[in-house]
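Residue numbers (the UniProt record's numbering): 1 to 118.
No residue lacks a Cβ here, since even glycine has one placed at the ideal position from N, Cα and C.
In this text the structure is predicted, and so the values were computed from the model without any measurement.
Please read the structure below before turning to the comments.
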Amino acid sequence: MVFIAFAIEDERQRDFLKGQSLNTNSTFEYVDMSVKEPYATDWKDKVRTRIKRSDGIIVLASKNSLISSGQKWEIKCAREEKKKILGVWAYKDHRTNIEGVNTKVWTWANITSFIDSL
């Protein structure tokens, strides 16, 4: 299972990633924990449980990532849980870097290679 960490402003890109997985011979599962209130304790408990159960985390990196408290917390949690993390740039024309996240071009080959390494 792969957890997708994204800024709520990039929800459409997350939908594209989910759609891409449905249009391939994908054998893995995506978890969507989108919420509007990232500071709610209950939300954090649920997300941590999902991250613990995940084999790895894909981070959709964008300029929105730099201000998304929820996505920042998800990445922090994934690190605490010692999960493998892959960043993919959410938009072709933006190359936002998130400190400590190895980010690559969004290609099915890069995503598949990451998932195969889990």
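Query raised in the report: With contact counted as at least three CB pairs below 8 Å, one residue from each stretch, are the stretch 83-92 and the stretch 49-65 in contact?
Result: Touching, yes, given that three or more Cβ pairs across the two stretches are closer than 8 Å.
Query raised in the report: Under a three-way DSSP split, which group does VAL88 fall into?
Result: Residue 88 sits at position 88 when you count from the first residue of the sequence shown. The answer is strand: DSSP assigns VAL88 an E or B state.
Requested in this report: Determine the extent of the alpha helix (DSSP H) in which GLY70 is found, giving its start and end residues.
Outcome: Looking up residue 70 in the sequence shown gives position 70. Counting along the chain, the alpha helix (DSSP H) containing GLY70 begins and ends at 69-80.
Report task. Using DSSP bridges, identify the partner residues of ILE58. Result -> Within the sequence shown, numbered from 1, the residue matching residue 58 stands at position 58. Bridge partners of ILE58: ILE4, LEU86.
Query - Residue range of the unbroken alpha helix (DSSP H) whose run includes ASP116 - result: As a working note, residue 116 is residue 116 in the sequence shown. Residues 108-116.
**Report entry** When THR96, ASP42, GLN20 are compared against ALA7, the one with the closest alpha-carbon
**Finding:** As a first step, residue 7 is located in the sequence shown; it is residue number 7 there, counting from the start. When only C-alpha atoms are compared, the closest one is THR96.
**Report entry** Span separating the alpha-carbon of LYS44 from that of LYS76
**Finding:** Indexing the sequence shown from 1 puts residue 44 at position 44. Indexing the sequence shown from 1 puts residue 76 at position 76. Rounded to whole angstroms, LYS44 to LYS76 spans 11 Å at the Cα level.
Requested in this report: Quick one: using the 10 Å Cβ neighbour count with 16 as the cut-off for buried, is ASP10 buried or exposed?
Outcome: Counting from one through the sequence shown, the residue named residue 10 turns up at place 10. ASP10 should be labelled buried.
Query raised in the report: Do ILE51 and GLU99 come within 8 Å of each other at the CB atom, strictly closer than that value?
Result: The residue labelled residue 99 in the question sits at position 99 within the sequence shown. The residue labelled residue 51 in the question sits at position 51 within the sequence shown. The answer is no: Cβ separation not under 8 Å.
Query - Classification of GLY70 by the beta-carbon crowding that lies within 10 angstroms, buried from 16 upward - result: One-based indexing of the sequence shown puts residue 70 at position 70. Under this definition GLY70 is a buried residue.
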